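Protein chains in written order, with the working numbering: chain A, 1 to 324; chain B, 1001 to 1181.
Reviewing the structure listed below.
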């Protein structure tokens, strides 16, 4: 509070983000994805948060992922927080114009959701409402730039002052496996210039391509400006893998992985999938510039503790757990 | 997939070489006094403006799949139009490009941003891809982007510099007047 009793904007500093603190300390960070339910029920989010609490530094709550309607990300974030897990609010440009996006960012900061992950979003044609209007008023880079402007310039896109300005740790995504491969690191560079300070990648099933991308990231010095969290996820069945490969946008599953999972008896595929995921984590952990992993296990969150344990990332001690 | 029955954006392969268009753009540079004067004259005669805009629409639609956003990005996208991207992304390709280069939404068509990179690379213009593109003004749809450009209303659509190769993190702000006191 200033002398005249008015609230003054907080000085420019990052939000009270445990995730950021972990990354700053140089500890290998672990985040995981929690998908909200398709229904008006917080139970599943609560259960998943409880399950992951001692294993992760923060949980991403997805925002109508794959263009399928689910409970709002901000609502899921509040539930996750109640369970003692720090949330990362995902926010995409498909469903909102610049007015709604800025409004949701203000809401997140006001409710002390300290991390946001800003994306473009899958096209509605992949979801349960292919008849919906796709908004895309801003793209992901412009949204990152907007969040940074709100936080650092303390202004809305209209130029109007924000009192107080919101504060959050700003994240973005990148897909090292989508063409044009040689420009993907530079695209991350644009996101960083726009204001991204952490990045979570698309699922890694080909460590070689990821390592090449990381090489370019390091050559550009981007790992010094932004924390890179490698995206991984387990495969539960050959059918699920085929679906991912053929239906999920931006997924790259090499033939070698298909062969490996097809070669085991069907009752052993899930276990092989866990093993593969743990191996990939252990491999990417050794790549210079990788600051952590982001585990995405949609509707199979209960597998995450075992994956982490097998990858040599044991349960976080109680003292490390984020608390309100 | 059935033929489109609507006019939703779809990736468009440009029918003009980038080199020819860079040359044309050079000739139509807004710093040549005749062009802003023409822009002003067109603004003052709505009937002629309408005809001019119709010709622009027809020509650019044929060459680039132009959708008349009125804020042309072509000079810095190697003349591949980002508004033909189904997500109308102004800052590069989304993460959904298929491994074969197909668009996420129309897999049988090549991602327009992929075409932009390939064209920029061929013409030595890749640093254009490292500029940040500001959000467009949705009120300008249907306007003549030539006139908007000549009148200086396009200034600041993208950053002056390549933002990726800079060692520093502070560059041109999103709000053009944000640095003013």
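Don't be surprised by glycine CBs; every beta carbon is placed ideally from N, CA and C.
As the structure is a prediction and not an experimental result, all values here were calculated from the model.
Here residue 115 of chain A carries a strand assignment [DSSP, helix/strand/coil].
The three-state reading of DSSP puts residue 190 of chain A in helix, counting H, G and I together. In the DSSP annotation of this structure, the continuous segment of the beta strand (DSSP E) that includes residue 89 of chain A starts and ends at 87-92. In this structure, the beta-carbon distance from residue 145 of chain A to residue 185 of chain A does not fall below 8 Å. Of all C-beta pairs linking the segment 1148-1156 of chain B to the segment 1046-1055 of chain B, fewer than three are shorter than 8 Å, placing the two stretches out of contact.
Under the 10 Å beta carbon count, residue 95 of chain A is surrounded by 16 or more other beta carbons and is classified as buried. The beta strand (DSSP E) runs of length 3 or more contained entirely in the segment 18-75 of chain A are, from start to end of the chain, 29-34 and 58-61.
Per the Cβ contact rule, the segment 16-24 of chain A is in contact with the segment 108-115 of chain A (3 or more Cβ pairs under 8 Å). With fewer than 16 other Cβ atoms inside 10 Å of its own Cβ, residue 1122 of chain B counts as exposed.
With respect to residue 304 of chain A, residue 295 of chain A sits close: the two C-beta atoms are nearer than 8 Å. Here residue 1125 of chain B carries a coil assignment [DSSP, helix/strand/coil]. Residue 1133 of chain B: not part of any beta strand (DSSP E); DSSP gives it neither H nor E. Around the C-beta of residue 34 of chain A, 16 or more other C-beta atoms lie within 10 Å, and the residue is accordingly described as buried.
Taking a contact to require three or more Cβ pairs closer than 8 Å, the segment 1014-1021 of chain B and the segment 308-316 of chain A do not qualify as touching. Excluding residues up to 5 positions away in sequence, 207 lie with their Cβ nearer than 8 Å to the Cβ of residue 283 of chain A in the same chain. When Cβ-Cβ separations below 8 Å define contact, residue 1044 of chain B makes no contact with chain A. Using a CB distance cut-off of 8 Å, residue 1175 of chain B counts as an interface residue toward chain A. Contact between residue 166 of chain A and residue 150 of chain A holds: CB atoms are separated by about 6 Å, below the 8 Å threshold.
Residue-level contact check: residue 198 of chain A does not touch chain B, since none of the beta carbons of chain B fall below 8 Å from its beta carbon. The beta carbon of residue 1138 of chain B falls within 8 Å of a beta carbon belonging to chain A, placing the residue at that interface. Pairing residue 1126 of chain B with residue 65 of chain A, the inter-Cα distance amounts to about 32 Å.
Cα atoms of residue 93 of chain A and residue 1041 of chain B: separation of roughly 39 Å, rounded to the nearest angstrom. Around the beta carbon of residue 1062 of chain B, a 10 Å sphere encloses fewer than 16 other beta carbons of the protein chains shown; the residue is thus reported as exposed. Looking at the DSSP output, residue 232 of chain A bridges to A/295. At least one beta carbon of chain A lies nearer than 8 Å to the beta carbon of residue 1101 of chain B.
Nearest neighbour of residue 87 of chain A by Cα position, chosen from A/171, A/204, A/253 and A/126, turns out to be A/171. In this structure, residue 83 of chain A lies away from residue 125 of chain A, with their beta-carbon atoms at least 8 Å apart.
Under the 8 Å criterion on CB atoms, residue 1143 of chain B is classed as non-interfacial with respect to chain A.
In the same chain as residue 1008 of chain B, and ignoring 5 residues on each side of it, the C-beta atoms closer than 8 Å to its own belong to 1086, in chain order.
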